[in-house]
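Only one structure is covered here, and it is reproduced in the block below.
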Amino acid sequence: MKSKGFGDSVEKFTKATGIKTIVDNVSKGLNIPCGCEQRRDALNKMIPYKK
38 MKSKGFGDSV EKFTKATGIK TIVDNVSKGL NIPCGCEQRR DALNKMIPYK
88 K
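In this note's numbering, the protein residues as written are 38 to 88.
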(Lines of atoms letter the chains of each structure in order from A and count residues from 1; the text may use other names and numbers.)
(Lines give C-alpha, C1' and ligand atoms only; values in the text may rest on other atoms or scores of the structure.)
Protein backbone atom coordinates (compact mmCIF):
# COMPACT_ATOMS: atom_id res chain seq x y z
CA MET A 1 0.00 0.00 0.00
CA LYS A 2 1.38 3.40 -0.97
CA SER A 3 1.19 6.05 1.73
CA LYS A 4 -1.27 8.89 1.07
CA GLY A 5 0.08 10.98 3.92
CA PHE A 6 2.04 11.06 7.17
CA GLY A 7 -0.60 9.02 9.01
CA ASP A 8 -0.04 6.04 6.71
CA SER A 9 3.71 6.25 7.31
CA VAL A 10 3.21 6.30 11.08
CA GLU A 11 0.92 3.27 10.82
CA LYS A 12 3.51 1.35 8.78
CA PHE A 13 6.20 2.19 11.35
CA THR A 14 4.10 1.12 14.33
CA LYS A 15 3.18 -2.16 12.63
CA ALA A 16 6.80 -2.91 11.72
CA THR A 17 8.09 -2.23 15.24
CA GLY A 18 5.29 -4.07 17.06
CA ILE A 19 3.95 -0.97 18.78
CA LYS A 20 0.53 -1.37 17.14
CA THR A 21 0.16 -4.91 18.49
CA ILE A 22 0.93 -3.73 22.02
CA VAL A 23 -1.48 -0.80 21.78
CA ASP A 24 -4.23 -3.04 20.36
CA ASN A 25 -3.79 -5.57 23.18
CA VAL A 26 -3.77 -2.93 25.91
CA SER A 27 -6.80 -1.10 24.53
CA LYS A 28 -8.65 -4.41 24.16
CA GLY A 29 -7.76 -5.35 27.74
CA LEU A 30 -8.93 -2.00 29.08
CA ASN A 31 -11.99 -2.07 26.80
CA ILE A 32 -11.08 1.37 25.42
CA PRO A 33 -10.87 2.10 21.68
CA CYS A 34 -7.37 3.19 20.66
CA GLY A 35 -8.50 5.73 18.03
CA CYS A 36 -5.77 4.67 15.60
CA GLU A 37 -7.88 5.01 12.45
CA GLN A 38 -9.13 8.48 13.34
CA ARG A 39 -5.59 9.61 14.19
CA ARG A 40 -4.24 8.20 10.90
CA ASP A 41 -6.96 9.95 8.89
CA ALA A 42 -6.37 13.26 10.71
CA LEU A 43 -2.61 13.08 10.08
CA ASN A 44 -3.20 12.21 6.41
CA LYS A 45 -5.38 15.34 6.05
CA MET A 46 -2.90 17.59 7.88
CA ILE A 47 0.23 16.31 6.09
CA PRO A 48 -0.68 14.76 2.72
CA TYR A 49 1.97 13.54 0.31
CA LYS A 50 1.88 15.17 -3.09
CA LYS A 51 1.46 13.04 -6.17
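Each residue gets a CB set at the ideal place from its N, CA and C atoms; glycine is no exception.
Item	Value
G55 (DSSP reduced to helix, strand or coil)	coil
8 Å Cβ shell around S98 - same chain, five flanking residues per side excluded	Residue numbering for the chain in the displayed model covers 38 to 88; residue 98 lies beyond these limits and cannot be assessed.
Rounded Cβ spacing between G44 and R77 (contact assumed at less than 8 Å)	4 Å
Pairwise C-alpha distance: N68 and I84	30 Å
Helix, strand or coil at G44 [DSSP, three-state]	helix
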